[in-house]
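S.K.:
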Amino acid sequence: RKEVEQDPGPFNVPEGATVAFNCTYSNSASQSFFWYRQDCRKEPKLLMSVYSSGNEDGRFTAQLNRASQYISLLIRDSKLSDSATYLCVVNLSGTYKYIFGTGTRLKVLA
Amino acid sequence: ETGVTQTPRHLVMGMTNKKSLKCEQHLGHNAMYWYKQSAKKPLELMFVYSLEERVENNSVPSRFSPECPNSSHLFLHLHTLQPEDSALYLCASSQWTGNEKLFFGSGTQLSVL
Numbered sequence: 296r297k298e299v300e301q302d303p304g305p306f307n308v309p310e311g312a313t314v315a316f317n318c319t320y321s322n323s324a325s326q327s328f329f330w331y332r333q334d335c336r337k338e339p340k341l342l343m344s345v346y347s348s349g350n351e352d353g354r355f356t357a358q359l360n361r362a363s364q365y366i367s368l369l370i371r372d373s374k375l376s377d378s379a380t381y382l383c384v385v386n387l388s389g390t391y392k393y394i395f396g397t398g399t400r401l402k403v404l405a
Numbered sequence: 002e003t004g005v006t007q008t009p010r011h012l013v014m015g016m017t018n019k020k021s022l023k024c025e026q027h028l029g030h031n032a033m034y035w036y037k038q039s040a041k042k043p044l045e046l047m048f049v050y051s052l053e054e055r056v057e058n059n060s061v062p063s064r065f066s067p068e069c070p071n072s073s074h075l076f077l078h079l080h081t082l083q084p085e086d087s088a089l090y091l092c093a094s095s096q097w098t099g100n101e102k103l104f105f106g107s108g109t110q111l112s113v114l
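Residue numbers (my numbering), protein chains in the order written: chain A, 296 to 405; chain B, 2 to 114.
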């Protein structure tokens with residue numbers, strides 16, 4: 296089983312749609328969680344950290360379910376500029392080990 | 002000025018060449034990383050330096066040789082690479098406390114002919 300699993304997609308959605316991605320992780324010692332966005336052939340950029348209580352940043356909402364070991368990202372009112380690959384990243388407790396998923400590709404269509 | 006600066010952006014080299022990738026971070030971080038990203042694979046950690054000491058080497062072939070002269074600079078020296086080494090190489094930095102966000106450089110798209 297992969298340490299961090301994501302549906303690779305692509306998710307093709309129309310502008311204005313709401314889309315959700317899930318990510319599961321296998322190591323219960325995982326302590327910190329992040330969503331990164333990566334455009335084609337560019338570096339990953341931090342989108343948001345994920346907190347136990349859930350957190351929101353504008354159109355983006357992240358949730359963490361420790362019991363089921365998954366995190367989610369919800370994007371509301373999708374924009375064309377949201378088209379990218381979204382990487383789920385898990386950090387093991389107090390270490391330098393960041394485990395990356397393969398990413399979920401999103402295409403927002405006009 | 003961006004937080005993590007990585008050069009060159011693109012590199013094409015033959016199997017007998019020697020080249021180096023350079024990374025500099027301006028964020029005051031004390032940990033720096035090299036990652037490799039191949040098509041349809043997750044990012045793979047190659048090397049980690051904390052306070053200029055290497056703390057992780059994920060069984061990377063010796064044709065990749067890292068150097069960390071200080072907490073702000075990191076190099077990856079390349080020699081006698083193979084075509085399968087073609088990939089996006091990413092430098093990153095963070096604070097060495099765990100649980101901290103990683104900040105990436107723009108990456109080097111490497112092609113080995």
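All residues carry an ideal CB built from backbone N, CA and C; glycine is no exception. All values reported here derive from a predicted model rather than from experimental measurement.
Would a C-beta distance cut-off of 7 Å place B/C24 and B/G106 closer than the cut-off?
M.R.: Contact: yes.
S.K.: Under the rule that 16 or more other beta-carbon atoms within 10 Å means buried, what is B/S51, buried or exposed?
M.R.: When all chains shown are included, B/S51 counts as buried.
S.K.: Is DSSP giving A/S376 helix, strand or coil here?
M.R.: The answer is helix: DSSP assigns A/S376 an H, G or I state.
S.K.: Just the Cα atoms here: how many angstroms apart are A/K402 and A/R336?
M.R.: Computed Cα separation, rounded: 16 Å.
S.K.: Nearest to A/R361 by alpha carbon, out of A/K297, A/F328, A/V308?
M.R.: Minimum Cα distance to A/R361 is reached at A/F328.
S.K.: What does DSSP give as the partner residue(s) for A/Y393 in the beta ladder?
M.R.: DSSP output for A/Y393 lists A/N386 as bridge partner(s).
S.K.: Given a cut-off of 7 Å, decide if B/L77 and B/R64 are closer than it, judged by their beta-carbon atoms.
M.R.: No. Outside cutoff.
S.K.: Would A/Q275 and A/G396 be called neighbours here (beta carbons separated by less than 7 Å)?
M.R.: As shown, chain A starts at 296 and ends at 405. That puts residue 275 of chain A outside it, with no answer to give.
S.K.: In the DSSP assignment, what are the bridge partners of A/L359?
M.R.: According to DSSP, which records beta bridges pairwise, A/L359 is partnered with A/I366.
S.K.: Less than 6 Å between C-beta atoms, sequence neighbours within five positions excluded: which residues of the same chain meet that for B/A32?
M.R.: Here the set comprises S51, S95, W97.
S.K.: Per DSSP, which one or two residues make a beta bridge with B/L111?
M.R.: DSSP output for B/L111 lists B/L12, B/A88 as bridge partner(s).
S.K.: Comparing the CB of A/Y391 with every heavy atom of the ligand MG, is any distance shorter than 6 Å?
M.R.: With respect to the ligand MG, the structure offers nothing, as it holds no ligand at all.
S.K.: Could you name the residues of the stretch 66-97 of chain B whose beta carbon sits closer than 8 Å to any beta carbon of chain A, in the order they occur along the chain?
M.R.: Listed in sequence order: L89, L91, S95, W97.
S.K.: Is there at least one Cβ from chain B nearer than 7 Å to A/E338's Cβ?
M.R.: Judged by the 7 Å Cβ criterion, A/E338 is in contact with chain B.
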